[in-house]
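Participant:
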Amino acid sequence: MQKRILVTGAGGPASINFIRSINLVHEKIEIVGTEAGEYSYYLAPVEKVYKVPWANSPDYIAALNEIIEKEDIEFLHAQADLEVRVISDNREKLSAAVFLPSKRAINTCQDKLEATNLWMKKNVPVARAVRLRDEHDVEKAFDELGSPIWIRATHGAGGRGSTRSVGCRRMRCLMPSES
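Every number in the working numbering is 217 more than the matching position in the sequence shown, counting from 1.
Below, the structure written as structure tokens:
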């Protein structure tokens with residue numbers, strides 16, 4: 218019997234690379250994709266791709282289960298952070314196997330500051346990091362870390378929001394306003 222897997226976010230760069238890698242094996246594996254993106258739907262390199270709600274929709278898990286049942290899927294592979302988190306949090310409700318770390322591990326790894334602090338405690342070499350919530354935290358960061366510093370979002374991929382800063386004045390422009 219041919220193995221059948223479902224790849225979420227099949228039109229995104231990471232999922233496309235995953236699908237290409239699976240297609241390199243000498244075993245025939247049927248890959249079905251899902252995609253929530255209006256345009257990335259057309260980029261999925263699979264013969265069957267289903268349009269699904271975004272992962273934060275209350276209908277997402279039901280939509281996946283419908284596809285899993287219809288396509289006789291054995292294994293579900295999630296790639297994008299939001300999908301990984303939602304699928305991890307709902308793994309007991311899914312009708313296919315998922316091979317994901319524990320929910321706690323996923324939550325830790327998806328928070329860059331929390332992951333950095335954990336790795337630091339385990340003596341893994343990492344850049345020092347501090348949480349910035351207000352102007353006082355910005356001044357404290359420059360006092361503790363020196364200049365320049367890199368500002369990064371704690372969640373998300375692709376370096377979203379990464380900014381190099383050499384002083385507090387520039388950083389104040391980046392902080393959320395109090396109004």
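Ideal placement from N, C-alpha and C gives every residue a C-beta, glycine not left out.
Name the DSSP bridge partner or partners of Phe292?
Facilitator: Your numbering for residue 292 matches position 75 in the sequence shown. Phe292 is bridged to Ile222 and Ala314.
Participant: Residues in its own chain within less than 6 Å of Glu395 by CB, not counting five upstream and five downstream?
Facilitator: On the sequence shown, residue 395 is found 178 positions in, with the first residue counted as 1. Only weak support is given to the placement of Glu395: the predicted model assigns it a pLDDT of 48, under 50, and the value that follows is read from those uncertain coordinates. Closer than 6 Å at Cβ, skipping near neighbours: no residue.
Participant: According to DSSP, is Glu264 helix, strand or coil?
Facilitator: Residue mapping note: residue 264 aligns to position 47 of the sequence shown, counting from 1. Residue state, collapsed to three classes: coil.
Participant: For Trp367, report the span of its beta strand (DSSP E) as first-last.
Facilitator: Indexing the sequence shown from 1 puts residue 367 at position 150. Ile366 to Ile368 is the span of the beta strand (DSSP E), which, as asked, contains Trp367.
Participant: How big is the Cα-Cα spacing for Lys357 and Cys326?
Facilitator: Residue numbering aside, residue 357 sits at position 140 when the sequence shown is read from its first letter. Residue numbering aside, residue 326 sits at position 109 when the sequence shown is read from its first letter. About 25 Å.
Participant: From the DSSP output, in three-state form, read off Ser382 for me.
Facilitator: Against the sequence shown, residue 382 aligns to sequence position 165. Strand at Ser382.
Participant: In the DSSP assignment, what are the bridge partners of Gly254?
Facilitator: Walking along the sequence shown from the start, residue 254 turns up at place 37. In DSSP, Gly254 forms no bridge with anything.
Participant: Can you give the Cα-Cα distance for Ile425 and Trp336, rounded to whole angstroms?
Facilitator: Limits of the chain in this structure are 218 at one end and 396 at the other, which puts residue 425 out of reach.
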